[in-house]
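Novice: Chains as they are written, first to last, in my numbering: chain A, 46 to 214; chain B, 10 to 334. My structure is below; once you've seen it, I'll send some questions.
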Amino acid sequence: MSSDADLKKVRMVYYAEDTEALEQVLDRLLDLSRAKRALLIDVEGHMVCSRGGGLDDLDIESVSALVAGTFAATKETARLLGQEEFSVLFHQGEKDSIQLTLMDDRLLLGIIFDDSTTIGMVRLYAKETARKVQEVLSRPHQETAGESDALGEGFGESVEQSLDNLFSE
Amino acid sequence: MPLQINFGLKTVSCKIVYYGPGLSGKTTNIQMIHDQMPGDRRGELTSIKTKGDRTLFFDFMAFDLGKVAGMDTRFQIYTVPGQVFYNATRKLVLQGADGIVFVADSAPDRLQANVDSWRNLQENLAERHLSLHDLPVVIQWNKRDLPDAVPTDELHHSINVNGAPTFEAVAFRGEGVLNTLKGICTLVCKSIDVSRHKSGVPLRGETEAAGAVPALVASQPVAAREMRFVSRRMSAFGAASVPQAPVMAVDEARTDAVEVRQLSPVSPGIGDVPTPPRTARRVDTFVGTAPRKHRRSVRRKVVVAAAAIAAAAGAALLLHALGIL
């Protein structure tokens with residue numbers, strides 16, 4: 046039977062305490078590196094958390110999917126070329142750039158920055174951030190009395206009802 | 010299933026993949042979903058495609074169901090490229106799928122393509138140590154408007170050996186598209202409940218009943234048989250690239266999380282591709298008549314090129330989405 050630690054290890058579930066701690070890590074990254082936005086995305090394209098601003102109309106869902114897809118494609122390219130992986134991708138734009146860092150095999154760190162900082166600063170703090178994220182996610186979950194980290198019963202039935210309502214709009 | 014449950018952000022996020030042979034209507038489905046979905050509930054439709062409008066990497070859109078049981082429930086919909094040539098990128102998109110919609114073409118001259126694509130789906134799942142028994146799957150019989158459309162009985166007989174729920178559709182007119190989507194989304198979310206019951210994990214407000222595993226009754230329009238979604242995700246991840254974590258003290262007392270349990274593998278059904286042992290390596294179907302060594306070399310270059318092109322296209326689209334490009 047899979048333990049809770051196993052679930053956290055493969056990152057299916059993120060508890061409130063994890064998300065709060067991750068947000069603090071990303072806030073610190075943004076302060077130190079002077080980057081605009083930091084995203085944590087799992088390799089399947091789901092956004093875990095996002096901090097920062099300056100890109101108000103950013104379509105986070107699409108960005109998460111594209112980041113994951115891009116990484117999956119480059120990982121396969123690396124494998125076919127006899128490499129373990131390409132763990133860092135950097136895309137330079139005219140105004141803004143993005144660095145994508147693979148952290149273990151489940152999470153991607155995306156950092157969007159402009160010319161108020163440098164790629165060197167971003168890379169320096171990205172490494173440190175990756176280590177801190179690993180620390181947060183390897184901590185065992187502490188049960189607290191009355192916590193609400195659970196899915197309610199009959200989630201599937203509730204979804205069916207909501208879908209009926211959505212498609213009848 | 011690698012769906013994501015984020016109690017911090019109060020979100021549940023699931024990935025649905027539309028699979029099927031080339032030109033069967035996968036992209037048409039997602040376009041119709043995008044057109045028919047209320048604008049405040051869905052994101053943009055992102056397509057990575059060739060100049061000839063054929064899917065190169067994937068089409069993608071996300072929609073938000075709103076709050077369900079206190080959680081923002083979101084679905085991400087992907088389509089795969091259907092052309093045989095793009096199997097490498099199909100495998101990438103299939104990673105992490107929580108549910109699959111197989112879009113079959115009802116044209117009589119596409120019957121074999123349906124069968125080949127169905128088999129390809131099973132092979133690609135088997136590479137990840139999964140089978141069609143492990144994931145919610147629905148089948149859409151598309152293009153039912155064709156005057157010579159193959160009767161659904163015959164289509165059932167040709168591929169639906171697992172008895173997956175089916176939906177008829179005329180996707181370019183939007184008919185049957187939302188019903189199909191609703192079917193797969195419901196199945197995916199109900200399988201969350203199933204997994205938790207199977208694992209014996211008590212739900213909120215319940216007390217744990219020793220040994221109680223409720224019988225599974227699938228909702229309409231599922232066929233009247235017990236459906237079991239055997240979650241082999243943990244074994245799949247054990248064989249994949251998750252690194253061995255150091256031994257650590259674990260709080261085993263926590264039980265109200267969603268839990269995925271490895272159960273006994275289901276025996277393959279008729280027409281199933283047997284799941285290979287973990288050490289086995291799938292050999293790609295070859296194309297062409299050149300000597301085998303040369304074919305492998307050419308195929309490798311083609312696959313590398315396809316992956317690189319897809320990555321470049323994806324990167325360009327990513328930068329565009331970020332407003333950088």
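Cβ coordinates follow ideal geometry from the N, Cα and C atoms, glycine included. Just so you know, these numbers come straight off a predicted model, no measurement behind them.
If we define contact as Cβ-Cβ less than 7 Å, is F135/A a contact residue for chain B?
Specialist: Here residue 135/A refers to the residue found at position 90 when the first sequence is read from its first residue. Taking Cβ atoms only, chain B never reaches closer than 7 Å to F135/A, which makes this a no.
Novice: Using the Cα positions of K200/B and N188/B, report the straight-line distance between them to the nearest angstrom.
Specialist: Residue mapping note: residue 200/B aligns to position 191 of the second sequence, counting from 1. Residue mapping note: residue 188/B aligns to position 179 of the second sequence, counting from 1. In the sequence on display, residue 200/B carries Ser and not Lys. Taking the straight line joining both Cα atoms gives about 18 Å.
Novice: For chain B, is any of its Cβ atoms less than 7 Å away from the one on F131/A?
Specialist: Within the first sequence, the letter at position 86 stands for residue 131/A. False, the Cβ-Cβ gap to chain B never drops below 7 Å.
Novice: For L155/B, which residues in the same chain have their Cβ closer than 7 Å to its Cβ, ignoring the five residues on either side in sequence?
Specialist: Working through the second sequence from its first residue, we reach residue 155/B at position 146. Around L155/B: S115 and A116.
Novice: Among L139/B, V197/B, C198/B and V124/B, which has the Cα closest to the Cα of E163/B?
Specialist: Within the second sequence, the letter at position 154 stands for residue 163/B. The shortest C-alpha separation from E163/B is found at V124/B.
Novice: Sorry if obvious, but does the Cβ on R51/B come closer than 6 Å to a heavy atom of the ligand FMN?
Specialist: By its list of ligands, the structure shown contains no ligand whatsoever, and the ligand FMN lies outside what it can speak to.
Novice: Please identify, using Cβ separations under 7 Å, the residues of the segment 132 to 157 of chain B that lie next to chain A, in order along the chain.
Specialist: Of all residues in the segment 132 to 157 of chain B, none has a Cβ within less than 7 Å of some Cβ in chain A.
Novice: Which runs of the beta strand (DSSP E) fall wholly inside the segment 90 to 117 of chain B and span at least 3 residues, in chain order?
Specialist: Listed in chain order, the complete beta strand (DSSP E) runs (minimum 3 residues) inside the segment 90 to 117 of chain B are 108 to 114.
Novice: In three-state terms, what does DSSP make of H91/A?
Specialist: Residue numbering aside, residue 91/A sits at position 46 when the first sequence is read from its first letter. Three-state result, H91/A: coil.
Novice: Can we say the segment 199 to 209 of chain A touches the segment 162 to 182 of chain A, given the rule of at least three CB pairs closer than 8 Å?
Specialist: Not touching, per the Cβ criterion.
Novice: Within 7 Å (strictly less), CB to CB, does K60/B reach chain A?
Specialist: Counting from one through the second sequence, the residue named residue 60/B turns up at place 51. Cβ-Cβ to chain A under 7 Å: no for K60/B.
Novice: What are the complete alpha helix (DSSP H) segments, minimum 4 residues, inside the segment 33 to 77 of chain B?
Specialist: As far as the segment 33 to 77 of chain B is concerned, its whole alpha helix (DSSP H) runs of at least 4 residues are 35 to 45.
Novice: Does L130/B have its Cβ less than 7 Å from a Cβ in chain A?
Specialist: Position 121 of the second sequence, counted from the first residue, corresponds to residue 130/B. L130/B does not count as touching chain A.
Novice: Residues of chain A with a CB under 8 Å from the CB of Q85/B: which are they?
Specialist: Residue mapping note: residue 85/B aligns to position 76 of the second sequence, counting from 1. Here the neighbours are G90, H91, E106 and A110.
Novice: Based on Cα-Cα distance, which residue from K24/B, G29/B, S33/B and T20/B lies nearest to V179/B?
Specialist: Stepping through the second sequence from its first residue, residue 179/B is reached at position 170. Per the Cα distances, S33/B.
Novice: Across which residues does DSSP place W127/B in a beta bridge pair?
Specialist: Within the second sequence, residue 127/B is the residue found at index 118, counting from 1. According to DSSP, which records beta bridges pairwise, W127/B is partnered with nothing at all.
Novice: Taking DSSP as the reference, what is the three-state secondary structure of D104/A?
Specialist: What you label residue 104/A is simply residue 59 of the first sequence in a count that begins at 1. Of the three classes helix, strand and coil, the one that applies to D104/A here is coil, per DSSP.
Novice: Chain B beta carbons: is any one of them nearer than 7 Å to that of S95/A?
Specialist: In the first sequence, counting from the first residue as 1, residue 95/A sits at position 50. S95/A does not count as touching chain B.
Novice: Can you tell me which residues form a DSSP beta bridge with K24/B?
Specialist: For this step, residue 24/B is matched to residue 15 along the second sequence. Paired residue(s): Q85/B.
Novice: Using three-state DSSP, classify S273/B as helix, strand or coil.
Specialist: Here residue 273/B refers to the residue found at position 264 when the second sequence is read from its first residue. Caution applies to S273/B, whose pLDDT of 36 falls short of 50 and renders its modelled position unreliable; the model cannot decide the point.
Novice: Taking a contact to mean a Cβ-Cβ separation below 7 Å, would you say Q92/B touches K24/B in this structure?
Specialist: If you number the second sequence from 1, residue 92/B lands on position 83. If you number the second sequence from 1, residue 24/B lands on position 15. No, Cβ-Cβ distance for Q92/B and K24/B is not below 7 Å.
Novice: Given a threshold of 16 other Cβ atoms within 10 Å of its Cβ, counted over all protein chains shown, does K81/A qualify as buried or as exposed?
Specialist: Position 36 of the first sequence, counted from the first residue, corresponds to residue 81/A. Label assigned to K81/A: buried.
Novice: Just to make sure I have the definition right: I need the residues of chain B whose C-beta is within less than 7 Å of the C-beta of A221/A. Which are they?
Specialist: The first residue shown for chain A is 46 and the last is 214, placing residue 221/A beyond what the model contains.
Novice: Are the beta-carbon atoms belonging to H136/A and L328/B less than 7 Å from one another?
Specialist: The residue you call residue 136/A lines up with position 91 of the first sequence. The residue you call residue 328/B lines up with position 319 of the second sequence. Yes, the Cβ-Cβ distance between H136/A and L328/B is below 7 Å.
Novice: Counting only C-beta atoms, is S207/A closer than 7 Å to chain B at any point?
Specialist: Here residue 207/A refers to the residue found at position 162 of the first sequence. At least one chain B Cβ lies under 7 Å of S207/A.
Novice: Given a cut-off of 7 Å, decide if G29/B and V159/B are closer than it, judged by their beta-carbon atoms.
Specialist: Along the second sequence, one-based indexing puts residue 159/B at 150. Along the second sequence, one-based indexing puts residue 29/B at 20. Going by C-beta atoms, V159/B is not nearer than 7 Å to G29/B.
Novice: Out of A78/B, D157/B, G48/B and K58/B, which has the shortest C-alpha to C-alpha gap to F72/B?
Specialist: The residue given as residue 72/B occupies position 63 in the second sequence. Per the Cα distances, G48/B.
Novice: Under a Cβ-count criterion, where at least 16 other Cβ atoms within 10 Å of its own Cβ denotes burial, should S109/A be classed as buried or exposed?
Specialist: Counted from its first residue, the first sequence places residue 109/A at position 64. It counts as buried.
Novice: How many angstroms separate the CA atom of A320/B from the CA atom of E106/A?
Specialist: Position 311 of the second sequence, counting from 1, holds the residue named residue 320/B. Position 61 of the first sequence, counting from 1, holds the residue named residue 106/A. Cα to Cα, A320/B sits roughly 18 Å from E106/A.
Novice: Relative to the C-alpha of I164/A, which candidate in R73/A, M148/A, L134/A and M57/A has its C-alpha closest?
Specialist: The residue you call residue 164/A lines up with position 119 of the first sequence. Ranking the options by Cα distance to I164/A, first place goes to L134/A.
Novice: Going by other Cβ atoms of all chains shown within 10 Å of its Cβ, with 16 needed for buried, is T422/B buried or exposed?
Specialist: Not covered by the structure: residue 422/B. The range shown for chain B is 10 to 334.
Novice: By the DSSP assignment, the alpha helix (DSSP H) with E173/A in it spans what residues?
Specialist: In the first sequence, residue 173/A corresponds to position 128, counting from 1. First-last of the alpha helix (DSSP H) with E173/A: I164 to S183.
Novice: Apart from the five residues on each side of it in sequence, which residues of its chain come closer than 7 Å, Cβ to Cβ, to D63/A?
Specialist: Here residue 63/A refers to the residue found at position 18 when the first sequence is read from its first residue. Correct list, in chain order: V181 and L182.
Novice: Among residues of its own chain, excluding the 5 on either side of H43/B, which ones have a beta-carbon nearer than 6 Å to its beta-carbon?
Specialist: Along the second sequence, one-based indexing puts residue 43/B at 34. Closer than 6 Å at Cβ, skipping near neighbours: L54 and M70.
Novice: Can you tell me the Cα-Cα spacing of G183/B and V93/A, whole angstroms?
Specialist: Numbered from its first residue, the second sequence carries residue 183/B at position 174. Numbered from its first residue, the first sequence carries residue 93/A at position 48. Taking the straight line joining both Cα atoms gives about 33 Å.
Novice: List the residues of chain B whose Cβ lies closer than 8 Å to the Cβ of D63/A, in chain order.
Specialist: In the first sequence, the residue the question calls residue 63/A occupies position 18. What D63/A touches in chain B: G17.
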